[in-house]
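Read through the structure below, which is laid out as structure tokens, and then see the notes.
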Amino acid sequence: MQERLKELQQEAIQKIEQSSSLKELNDIRVAYLGKKGPITEVLRGMGKLSAEERPIMGALANEVREAIATVLEAKQKELEEAAVLEKLASESIDVTLPGRPVKVGNHHPLTRIIEEIEDLFIGMGYQVAEGPEVEQDYYNFEALNLPKGHPARDMQDSFYITDEILLRTHTSPVQARTMEKNQGKGPIKIICPGKVYRRDNDDATHSHQFMQIEGLVVGENIRMSDLHGTLEIFAKKMFGEDREIRLRPSFFPFTEPSVEMDISCMICGGHGCNVCKKTGWIEILGAGMVHPNVLEMAGYDSKKYTGFAFGMGPERIAMLKYGVDDIRHFYTNDVRFLKQFSKHE
Amino acid sequence: MFVSYKWLQDYVDLSGVSAVELAEKITKSGIEVEGVDVLNEGITGVVVGHVVERVQHPNADKLSKCQVDIGQGEPVQIICGAPNVAQGQKVAVATVGAVLPGNFKIKRAKLRGEESNGMICSLTELGVEAKVVPKEYSEGIFVFPQDAEVGTDAIALLNRDDEVLELGLTPNRADCLSMLGVAYEVAAILGREVKLPEIDVQPVTEKATDYITVKVEANEDNPLYAAKVIKNVKIGPAPLWMQTRLMSAGIRPHNNVVDITNYILLEYGQPLHAFDYDRLGSNEILVRRANDGEKFTTLDDVERTLTSDHLVITNGTEPVALAGVMGGANSEVTSDTTTVLLEAAYFTGGTVRKASKDHGLRSEASARFEKGVDPNRVRAAGERAAYLIGKYAGGEVLEGASEVDTLTVEPAVVSITLEKINNVIGTNLTVADVEAIFERLQFAVSSEGETITVTAPTRRGDIKIEEDLIEEVARLYGYDNIPKTLPIGSATPGKLSDYQKKRRIVRQYLEGAGLFQAVTYSLTSEEKAAQFALEKRDFIRLAMPMSEDRSILRLSIMPQLLEVVKYNSARQNDSLAVYETGAVFLANGNEALPEEQEHLAGAITGLWHSHSWQGEKKAVDFYVVKGILEGLFAKFGLTESVTYVQAKVDNMHPGRTAEIHLNGERIGFVGQVHPTMQKELDLKDTYVFELSLKAVLEEATAALRYEAIPRFPSITRDIALVVDKETVSGVLKDVIQQAGGKLLKEVSVFDLYEGERMEEGKKSIAYSLKYMDPERTLTDEEVTKVHTQVLEALKTQAGAVLRG
Ligand SMILES: [Zn+2]
């Protein structure tokens, strides 16, 4: 009997090891460990044994069962793992195929430039002021020290609607309106972006509609040195820390003294190239101390208050920054152009 | 203004300062030098030659065979094609080995069988602009005066060994429209002296007043008129140095008298005019306003019709010049002129501007009068011109001038405190520093304590107020030397307004949804201005548009945005999603400014969703665009406030368009562009929306409050309803929501069936209803009770029955 059990154990283990599927393994389990299996049968014959022999034989039978069960479990685990691997292998895909595109649009390049400038000045305590694109002659010219018949009005041929109403030629009327609204009190720190219009034929460098962004600071102790410092921060943040700035005297009817600012050429680093016309410098904005006539007309005491203003063209900045060669691209809205401005830099 | 570096040295010592260095200094102290032109760049080996013999080329009609002495022993043979080459001339010869502009190298050559050792040059071949070459040399070679020395450098003799600074002058610096003005500026920059030009007239005893009387009827336009007379003048070429200086400054030489008036124009900035005294037809000059309709032929032989806005110089009856603009053909100096009447006058800017604009005659002279000449330099300019005419045209200058002078010239006297200067600039200058700057400018300056008083010379008419003095100090101190500081004083909060913040959110949202931002023009055509307008208003037209296409302010963004779609579609970008935010302009009558309403418009066409290799494709439809808008309104908490109403909108598909209502008010539309218009524009199906962004963003958004996450389960009941085809989902949903009460948390459509299995005129629409109580678990019975009410309401109010 004892031998029979040993034989069964050996026979079962051999079969388990040879089995190659979970089903086969299950059949073995039923065959050897089931209620109708040979071990149970052997135990059924235990009645013929003596009382001393019976527990020994019972223990042995259990040992055999356990041994078979252990091997069986190990084998089962092995087969299961193999099955999983096989399933995974059958599920494999080509990871080099392109992914599902996520459709995302982006800002127009001019908006991108304007928001960048807005954010820069917001960080310095400015607010964003906006005003009408159709303006009164008064705010567009007269309040800015450009009375009717002033020769400098020739500098900006305008689209008039009536004798007194026109499409604004710059965003400066927003400054005039803001000052007027503040009723002779400071401080004012604003940045004014927006569309402006001039009688120009559209070509690679001219557009009858374009953007402008201007800044204005009015207070009791605003100095030209403050303008200098502010413009330097702007230039370095906007065009890179290694940019140099150069201020030159200029003329605008609404500022005195007036300033033009150049930055060292970002293309050649100041050595001279075609973009900077071999000078190493690129003109980037006009600025100056607010003309006392402008302050007085807006209700400020020019003895007490001073201010500075500056203005620039987002198109020009975008053209320089991104190397765009034709201003008309900004208004044609070819998506092949627009989508190039999605990248963060 | 073109400034010759060599010429400038007549007035200021420029030693130790190259033209390029000078340009840099001038630019940094206020006048932009736009370029420095090196006149002899790329030219070598050009000498003065003497044509000792000229014969016809044996084999070519149009060529001459010349023997030219170039100062190197035997004359050399040169073949020349110029029609004006002649024996005895002194000419410019590019010798063998010479280089001319454009890297043109002169080599020994054979021309039609004859040897040629060099080239006789025209001025244009030497780099002179064709428009300034004297007429007699414009078709051929240039001929030097006989005293030119053979073998010497022809380029130097032509003053081409020079550099020309091109000044970009702002309107306030008209003083630098003259060499003397530039000299004062440069002297101030360099801290050097100004040498004034020579005037050394030896008048004859006859007086100008014996020859001419001057009357001015329009004193306001012409407060000063001085007439000088020079007799026994011989008209001929001006000296070569003068001609070359004129050419370098961009003026074509004519004859000695005309050239001298132009030379003085450049030197003093004072335009002069020379009349042929004998052709005047009277002994009188009368300056008056023209009569309306008066005819006058200017010296360019164009007959002009004048008005009373125009000032004319007359001989007492007939006009002889359009004041400050152009002389008349009837009194022009010719080669026969012997007595010259020289006009030196002050005409006001306005009158000259009007005349030059009306007649399209912008000249060097009119430009200077328009910007204002120095009233104190008028007579000196006349004297200097008379002196030069005496010297270079062999004339005799009569004593004095016949004048009318009602001009009062008072130089501007401006006082300023040192404190003001330092406060505005942000510097720590002393009184002595400031005084030194004004002395360099040759402004009279005095000080009392810290108050500085400056008398600006009349040549600097731009100096009027304290700030003008501050600018002079700042620019000569050097803008770059001004410290860099930041504004001090009370802090201001830097931020966007709520409206501006929300506008940025709109942009980010739409871009996140796949739309690209476009920016289009505000001006449009009459045809487009009327399309898609939310509000019909009168057109706002430009008084003087540049074209019909850009003549009216837009009432809607849509037409322009559809142009963008069209443009891109025509370039194979046929799946496109764009949006724009911007003002539309609503007229408010003629007197008031229009109302500018910010709109948001979008257009989507082609495939909304596609995945190439997986073969998935989904074209854009109404619900794609509506979904985008719903997401946008949800962003601002407006989901409940917005409704969509089936509507007919011009140029939109009548069955696929909804008006968008915000709190019951129409603010825009969404739908498909009308197929007729799509066809006109050559578009595929295009879905669009436009709405008043202003209306959306000005709507107050409620504060964000957290809502508890439900702790109790919900119970969902799905129902499929059969309704009339015309019944819209929105109505059914309203009925369900009303009947469902507060236990009904959500209603959503999950199926729509209009197929053939339905009875004629019916459709099936299925909803999922979610019931929930946040406080407890609902029982089946409670839900059934409410649900039964819902079904009942659907039946009675919308005729909807459960699908069997
Ligand atoms: Zn460069």
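Going down the list, the sequences are from chains S and D. Just so you know, our numbering puts 294 at position 262 of the first sequence, and the rest follows in order with no gaps. Just so you know, our numbering puts 482 at position 117 of the second sequence, and the rest follows in order with no gaps. The C-beta atom is built at its ideal place from N, Cα and C for all residues, glycine as well.
- Secondary structure of ALA948 of chain D (DSSP, three-state): strand.
- In the DSSP assignment, THR517 of chain D forms no beta bridge with any residue.
- Leaving aside the five residues that flank SER811 of chain D on each side, the residues in its chain whose CB is nearer than 7 angstroms to its CB run, in chain order, THR818.
- Going by DSSP, GLU1055 of chain D is part of the beta strand (DSSP E) stretching over 1051-1057.
- No heavy atom of ligand 1 is found nearer than 7 angstroms to the CB of ILE349 of chain S.
- Listed along chain S, the residues sitting closer than 7 angstroms to PRO852 of chain D by beta-carbon distance are VAL249, GLY251, ILE254, ASP258.
- In terms of beta-carbon proximity, GLN244 of chain S stays away from the interface with chain D, with every pair separated by 8 angstroms or more.
- Taking 8 angstroms as the cut-off, the beta carbon of TYR171 of chain S is found no closer than this to the beta carbon of ILE223 of chain S.
- Non-local C-beta neighbours of LEU428 of chain D in its own chain, meaning closer than 6 angstroms and more than five positions away in sequence, comprise HIS422, ILE444, GLY446, ordered along the chain.
- Checking the DSSP bridge columns, you'll see SER767 of chain D partnered with D:ALA592.
- Shown in chain order are the members of the segment 824-847 of chain D whose Cβ falls below 8 angstroms from a Cβ of chain S: ILE830, GLU831, GLU832, ASP833, ILE835, GLU836, ALA839, ARG840, TYR844, ASP845, ILE847.
- Contact check for GLY505 of chain D against ASN449 of chain D passes: the beta carbons are separated by less than 8 angstroms.
- Residues of the same chain with a CB within less than 6 angstroms of the CB of ILE554 of chain D, apart from the 5 flanking positions on each side, are LYS390, SER394 in chain order.
- When C-alpha distances from ALA457 of chain D are compared across D:VAL411, D:MET612, D:GLU563, the shortest belongs to D:VAL411.
- Think of a sphere of 9 angstroms around the beta carbon of ARG919 of chain D: no beta carbon from chain S falls inside it, the nearest being about 11 angstroms out.
- Under the 10 Å beta carbon count, PRO133 of chain S is surrounded by fewer than 16 other beta carbons and is classified as exposed.
- Proximity of GLY879 of chain D to chain S, defined by a Cβ-Cβ separation below 8 angstroms, is satisfied.
- Shortest Cα-Cα distance from ASP258 of chain S to any of S:THR338, S:LYS107, S:LEU81 involves S:THR338.
- Residues of the segment 367-397 of chain D with a C-beta less than 7 angstroms from any C-beta of chain S: THR392, LYS393, SER394, GLY395, GLU397, listed in chain order.
- Taking CB atoms only, PHE950 of chain D has a neighbour in chain S less than 8 angstroms away.
- Residue D:ALA999 holds the alpha-carbon nearest to the alpha-carbon of LEU1069 of chain D among D:ALA1085, D:PHE1054, D:ALA999, D:GLU1121.
- Rounded to the nearest angstrom, the Cβ distance from GLY478 of chain D to ASN424 of chain D is 6 angstroms, consistent with a contact under 8 angstroms.
- Apart from sequence neighbours up to five positions away, the residues of its chain that approach HIS974 of chain D with a beta-carbon distance below 8 angstroms are GLU981, LYS982, LYS983, ordered along the chain.
- Judged by beta-carbon spacing, THR570 of chain D lies beyond the 8 angstroms limit of GLU831 of chain D, meaning their Cβ atoms are not closer than that value.
- The residues MET256, PRO281, GLY320, MET321, in chain order, have a CB closer than 8 angstroms to that of PRO289 of chain S in the same chain once the five nearest residues on each side in sequence are set aside.
- Annotated three-state conformation of ASP643 of chain D is helix, per DSSP.
- One finds LEU958 in chain D with Cβ atoms closer than 7 angstroms to the Cβ of ILE197 of chain S, taken in chain order.
- Set against 7 angstroms, the gap from the CB of CYS297 of chain S to the closest heavy atom of ligand 1 is smaller.
- The beta carbon of GLU876 of chain D sits closer than 8 angstroms to some beta carbon of chain S.
- Taking a contact as a CB-CB distance under 8 angstroms, the pair THR203 of chain S and GLN244 of chain S counts as one, their CB atoms being some 5 angstroms apart.
- Residues of the same chain with their beta carbon placed closer than 8 angstroms to that of SER862 of chain D are lacking, with the five preceding and five following residues left out of the count.
- Closer than 7 angstroms at the C-beta level to chain S, one finds these residues of the segment 974-996 of chain D: HIS976, TRP978.
- The three-state reading of DSSP puts CYS224 of chain S in strand, counting E and B together.
- For the segment 657-679 of chain D, the set of positions with a beta-carbon nearer than 9 angstroms to some beta-carbon of chain S is empty.
- Under the DSSP assignment, GLU73 of chain S falls outside any beta strand (DSSP E), being part of the alpha helix (DSSP H) whose first and last residues are 70-76.
- Per DSSP, HIS415 of chain D is one residue of the beta strand (DSSP E) stretching across 409-421.
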